[in-house]
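Notes follow the structure.
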Amino acid sequence: MSSEPAIEAHGLRRSFGDVHALRGVDLVAPTGSVLGVLGPNGAGKTTAVRILTTLLQPDAGTARVAGLDVTKDAQELRSRIGLAGQYAAVDEYLTGRENLAMVGRLYHLSPSQSRTRADELLAEFDLVDAGGRVASTYSGGMRRRLDLAAALVVRPPVLFLDEPTTGLDPRSRNALWETIEERVSEGTTVLLTTQYLDEADRLADRIAVIDHGEVIAEGTSDDLKARVGGSRLEVALEDPTQAEAARAALGPLAEAGADVGVDGSRLSVPLRSDAGGVVAAVRRLDDAGVAVSDVTVRRPTLDDAFLTLTGRPAEDATDDAEVPA
Amino acid sequence: MSSLRWTISDTGVLALRQLRRIPRQPDLLIGYTIQPVMFVLLFRYVFGGAIQTPGFDNYADFLMPGIIVQSIAFGGFVTALAISDDMKKGLIDRFRSLPMSRIAVLSGRAFADLALNALQLAVLIAVGLLVGFSFATDILRVLLGIVLLLGLGFAFSWVFCLIGLSAGSAETSNAIGFTVIFPLTFASGAFVPPSTMPDGLRQFAEANPFTTLVDATRHLFLGAPANSDVWVSVLWIVGITVVAAFLSLRRYRSLTG
Ligand SMILES: Nc1ncnc2c1ncn2[C@@H]1O[C@H](COP(=O)(O)OP(=O)(O)O)[C@@H](O)[C@H]1O
Ligand SMILES: [Mg+2]
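What follows is the structure, given as structure tokens:
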């Protein structure tokens, strides 16, 4: 399976009654890469992950993971994937160590291999001190780490993470991101779903934006940002009466066909990528004798991309998101 | 290694998981032991004086097989709650994503329940002896009775697996258990002779498999007349186990979440 992508899905469809959770989804993740599946609550992310991890049959479409067909070779595939689902799936009445050793046994490691691996993972995930305590005493971040550790018991080549940081505080989130990045640096292929644009931006090589069961955009985070246009130059004037002079001075920096927007003492310019940025702008304004109080370049965020692609801000879409412990 | 060996190994791992949890859930242990004991005391002393049981030395003799059958059958109920809970918390998804045997999540529960049922049976027999119950047959038949009861518990574990997998939430499991199965145990010859019941209910109670099971236990423990009750009970137990296990496994395989 040398050049075959680690994850490859074509035309995945799945309905629940009259809810069309997936309406023909294509996803590709080359071996060793991170694919971010970004979408609001109810977009179909979990359904896609469940199909790719053999938990759910697609109504139509095909998918191969680690060179195996997700429906025909399901049993064989299960030993090559790790899954950390949307809710930290740990047994609250077992200790951290017992949880990991149990998963090891169910991956068919021997009892002693399972225990050794459990101890290694506890050390790796900073859970050594908590390893002997039942998981119901763990914080949200500790549970997520234990859950992720359970997904890594057999060092699977392909890892599925469904909203791994939902409900975590910023510190635990950062810690988990670092752990995921370590896996990636070791060559694991990761499919990660998220509602958070910054998470996809930080972790993913390529991002598939999914909404209402369809991929509405796919590319690198830069590609997606480019679809909302390039950077914008924002200028605040000391004296609003100089607005016309400023507009004339900055005109040549704007993208072809774009206008310089003026709003009182503020100007907004869609910057040509070769225009020279802030330095060129300041020089031109200076030459024209325009006094400015502030000049900044604002790069588009994935939030902007989301707004452009779906017609609504990402925050609206996540308003009704549940926040599990 | 053969898949049968892995099925046994996986079942053992998951049965051990359940058994480990027991001492960490004292409320569950109380449900298993104190609750049936309360039932014994309630029926023996509060209602017992008003209930006529011709053919039995005392009400305790009549009552104990009934209460034991009810408790053992209903004991698997926590299995339904636990499976619903595992589904909600994503543990079933995790298990289904592992290269383990498909049936082990369910058979692991059923075998762990067997151990709990044995404990429950020991507590109930001990309490029964204290409130006036006494065995009136030979050791062989008493042992046969115990095997029959454990078989009943095993069969009902699968019924509760099916309920837990179908219900989707612990609350729904609870509702099914208390509105369907619990009343079924009362509309039987477990606590009062069906001959004292009004027409309709009487015929229902006589045909109720719980009555058959209770009468079989009375026969094996007390020497009460049984006709075909023991064999019919065995058939019921095997039949319930096969059907419920088949349906549970099918349901487990095709879970959508
Ligand atoms: N098992 C199910 N039964 C019925 N509807 C479901 C089921 N799973 C998902 N859905 C529906 O499918 C849609 C997509 O859900 P999901 O894949 O969970 O989205 P996401 O993970 O992006 O939030 C939602 O409308 C959801 O309600
Ligand atoms: Mg989801």
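Listed in order, the protein sequences are those of chains A and B.
Going by this note's numbering, the first residue of the first sequence is number 816, and it counts up by one from there.
Going by this note's numbering, the first residue of the second sequence is number 256, and it counts up by one from there.
Every residue, glycine too, gets a C-beta built ideally from N, C-alpha and C.
query = Are the region 370-377 of chain B and the region 284-298 of chain B in contact at 8 Å, needing three or more beta carbon pairs?
reply = yes
Whole-number beta carbon distance between T427 of chain B and F831 of chain A, since they are thought to touch under 8 Å = By 1-based counting over the first sequence, the position of residue 831 of chain A is 16. By 1-based counting over the second sequence, the position of residue 427 of chain B is 172. Not a contact, Cβ separation roughly 18 Å.
message = Is K860 of chain A close to ligand 2? I mean its beta-carbon at under 7 Å from any heavy atom of the ligand.
response = In the first sequence, the residue the question calls residue 860 of chain A occupies position 45. Yes, the beta carbon of K860 of chain A sits closer than 7 Å to at least one heavy atom of ligand 2.
message = Let me make sure I understand the geometry here. Which of B:R276, B:F437, B:L379 and B:I263 has the alpha-carbon closest to that of V949 of chain A?
response = Locating residue 949 of chain A in the first sequence gives position 134, counting from the first residue. In terms of Cα proximity to V949 of chain A, the closest of B:R276, B:F437, B:L379 and B:I263 is B:R276.
key: Any non-hydrogen atom of ligand 1 closer than 7 Å to G900 of chain A Cβ   = Here the question's residue 900 of chain A lines up with position 85 in the first sequence. Checking the Cβ of G900 of chain A against ligand 1 gives no.
Cutoff 8 Å; reference R299 of chain B; Cβ partners in own chain excluding five residues on either side = By 1-based counting over the second sequence, the position of residue 299 of chain B is 44. The answer, listed in chain order, is Y314, A315, L318, V386 and G387.
Unbroken alpha helix (DSSP H) run spanning F476 of chain B, endpoints = As a position in the second sequence, residue 476 of chain B is number 221, starting the count at 1. Start and end: P464 to L477.
ask   = Can you find a C-beta in chain B that's less than 8 Å from the C-beta of R1021 of chain A?
value = By 1-based counting over the first sequence, the position of residue 1021 of chain A is 206. R1021 of chain A does not count as touching chain B.
inquiry  = I need the DSSP call for A1136 of chain A, collapsed to helix, strand or coil.
reply    = Here residue 1136 of chain A refers to the residue found at position 321 of the first sequence. Here the model assigns A1136 of chain A a pLDDT of 40, short of 50, so the residue's position is not dependable and the matter cannot be decided.
ask   = Quick one: what does DSSP say G832 of chain A is sitting in, helix, strand or coil?
value = Indexing the first sequence from 1 puts residue 832 of chain A at position 17. G832 of chain A falls in the coil class under three-state DSSP.
query = For S951 of chain A, which residues from the same chain have a beta carbon less than 8 Å from its beta carbon, with the 5 sequence-adjacent residues on both sides left out?
reply = If you number the first sequence from 1, residue 951 of chain A lands on position 136. The residues are E907 and Y908.
request  = Please state whether DSSP places T846 of chain A in a helix, a strand or coil.
outcome  = One-based indexing of the first sequence puts residue 846 of chain A at position 31. T846 of chain A: coil per DSSP, three-state reduction.
query = T978 of chain A: beta carbon under 7 Å from a heavy atom of ligand 2?
reply = Residue 978 of chain A sits at position 163 when you count from the first residue of the first sequence. With the sequence shown as reference, residue 978 of chain A is identified as Glu, and Thr is not the correct amino acid for it. It does: the Cβ of E978 of chain A is within 7 Å (strictly closer) of some heavy atom of ligand 2.
ask   = If we call anything under 8 Å between Cβ atoms a contact, is G882 of chain A one with R912 of chain A?
value = Taking the first sequence and counting its residues from 1, one reaches residue 882 of chain A at position 67. Taking the first sequence and counting its residues from 1, one reaches residue 912 of chain A at position 97. Result no, Cβ atoms of G882 of chain A and R912 of chain A do not sit closer than 8 Å.
key: As assigned by DSSP and simplified to three states, the class of T1123 of chain A   = Locating residue 1123 of chain A in the first sequence gives position 308, where the first residue counts as 1. Helix at T1123 of chain A.
inquiry  = Just to make sure I have the definition right: I need the residues of chain B whose C-beta is within less than 7 Å of the C-beta of G900 of chain A. Which are they?
reply    = Taking the first sequence and counting its residues from 1, the one referred to as residue 900 of chain A is at position 85. Chain B residues near G900 of chain A: G345, D348 and R349.
query = By Cβ distance, which residues of its chain are closer than 8 Å to R986 of chain A, with the 5 residues on each side in sequence left out?
reply = Residue mapping note: residue 986 of chain A aligns to position 171 of the first sequence, counting from 1. So the list reads G956, once near-sequence residues are dropped.
ask   = What span of residues does the beta strand (DSSP E) with D1109 of chain A cover, start to end?
value = In the first sequence, residue 1109 of chain A corresponds to position 294, counting from 1. First-last of the beta strand (DSSP E) with D1109 of chain A: V1107 to R1113.
query = How is the beta strand (DSSP E) around A410 of chain B delimited, first residue to last?
reply = Translated into the one-based positions of the second sequence, residue 410 of chain B becomes position 155. Segment I394 to A422 is the alpha helix (DSSP H) holding A410 of chain B; no beta strand (DSSP E) there.
task = Mark M816 of chain A as exposed unless 16 or more other C-beta atoms lie within 10 angstroms of its C-beta, in which case mark it buried.
result = Here the question's residue 816 of chain A lines up with position 1 in the first sequence. Bear in mind that the predicted position of M816 of chain A carries a pLDDT of just 46, short of 50, making it too unreliable to give a figure here.
message = So V1105 of chain A and V1093 of chain A are supposed to be a Cβ contact under 8 Å. How far apart are they, rounded?
response = Counting from 1 along the first sequence, the entry for residue 1105 of chain A is found at position 290. Counting from 1 along the first sequence, the entry for residue 1093 of chain A is found at position 278. The Cβ separation is near 15 Å, so there is no contact.
ask   = So which residues of chain A does L284 of chain B contact, with C-beta pairs closer than 8 Å?
value = Looking up residue 284 of chain B in the second sequence gives position 29. Per Cβ cutoff of 8 Å: no residues; L284 of chain B is ~12 Å from chain A at best.
query = From F411 of chain B to A328 of chain B, what distance separates their C-alpha atoms?
reply = The sequence position of residue 411 of chain B within the second sequence is 156, counting from 1. The sequence position of residue 328 of chain B within the second sequence is 73, counting from 1. F411 of chain B and A328 of chain B: Cα-Cα distance of roughly 6 Å.
message = Can you look up A881 of chain A in the DSSP assignment and give me helix, strand or coil?
response = For the purposes of this step, residue 881 of chain A is taken as residue 66 along the first sequence, with counting starting at 1. DSSP, read as helix, strand or coil, puts A881 of chain A in coil.
ask   = Residues of chain B with CB under 9 Å from I896 of chain A, in chain order?
value = By 1-based counting over the first sequence, the position of residue 896 of chain A is 81. Neighbours of I896 of chain A across chain B, judged by C-beta separation under 9 Å: S352.
ask   = Can you list the residues of chain A that Q280 of chain B reaches, using a CB-CB cut of under 9 Å?
value = In the second sequence, counting from the first residue as 1, residue 280 of chain B sits at position 25. Correct list: Y908.
task = Please decide whether A824 of chain A counts as near chain B, where near means a Cβ-Cβ distance under 8 Å.
result = For the purposes of this step, residue 824 of chain A is taken as residue 9 along the first sequence, with counting starting at 1. No, A824 of chain A lies away from the interface with chain B (no Cβ there is under 8 Å from its Cβ).
As assigned by DSSP and simplified to three states, the class of S428 of chain B = Here the question's residue 428 of chain B lines up with position 173 in the second sequence. S428 of chain B falls in the helix class under three-state DSSP.
query = Taking only runs of the alpha helix (DSSP H) that begin and end inside the region 941-971 of chain A, which ones reach a length of at least 4 residues, in chain order?
reply = 955-966
inquiry  = Taking 8 Å as the threshold (C-beta atoms), are L827 of chain A and P855 of chain A in contact?
reply    = Along the first sequence, read from residue 1 onward, the residue named residue 855 of chain A stands at position 40. Along the first sequence, read from residue 1 onward, the residue named residue 827 of chain A stands at position 12. No, these two residues do not count as a Cβ contact at 8 Å.
query = Is the number of C-beta pairs between the region 927-937 of chain A and the region 960-979 of chain A that are closer than 8 Å three or more?
reply = These segments touch.
inquiry  = In the DSSP assignment, the beta strand (DSSP E) including S1088 of chain A goes from what residue to what residue?
reply    = If you number the first sequence from 1, residue 1088 of chain A lands on position 273. DSSP places S1088 of chain A in no beta strand (DSSP E); its state is neither H nor E.
key: Nonlocal neighbours in the same chain, by C-beta distance under 6 Å from Q901 of chain A, ignoring five residues either side   = The residue labelled residue 901 of chain A in the question sits at position 86 within the first sequence. Within the same chain, Q901 of chain A has close Cβ partners T861, D977 and E978.
query = Would E913 of chain A count as contacting chain B if we go by Cβ distances under 8 Å?
reply = Position 98 of the first sequence holds residue 913 of chain A. Yes, because at least one Cβ of chain B sits closer than 8 Å to the Cβ of E913 of chain A.
query = Given a threshold of 16 other Cβ atoms within 10 Å of its Cβ, counted over all protein chains shown, does A1140 of chain A qualify as buried or as exposed?
reply = Sequence index remark: in the first sequence, residue 1140 of chain A carries index 325 (1-based). Per-residue confidence for A1140 of chain A stands at a pLDDT of 40, beneath the threshold of 50, marking its modelled position as unreliable; no derived number is given.
message = If I measure Cβ to Cβ from L336 of chain B and keep anything under 6 Å in the same chain, skipping five residues before and after, which residues do I get?
response = Along the second sequence, read from residue 1 onward, the residue named residue 336 of chain B stands at position 81. Around L336 of chain B: A425 and S428.
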